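Numbering (this note's numbering), first residue to last: 1366 to 1400.
Here a beta-carbon is modelled for each residue, glycine too, at the ideal position from N, C-alpha and C.
Quick caveat: nothing in here was measured; it's all calculated off a predicted structure.
A short write-up of the structure that comes next.
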């Protein structure tokens, strides 16, 4: 049961990281364009 819970939580964490890196690139691109 514990393994199933870990596997359930992992995808959400991965999506969170992906979203964070996505926004990081958006901010960097915006800074490059407007600088």
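Could you give the distance in angstroms between the alpha-carbon of residue 1375 and the alpha-carbon of residue 1382?
If you take the alpha carbons of residue 1375 and residue 1382, they lie about 11 Å apart.
Residues near residue 1392 by beta carbon distance below 6 Å, same chain, minus five either side:
Cβ within range, chain order: n/a, list empty.
By how many angstroms is the C-alpha of residue 1390 removed from the C-alpha of residue 1400?
Cα to Cα, residue 1400 sits roughly 15 Å from residue 1390.
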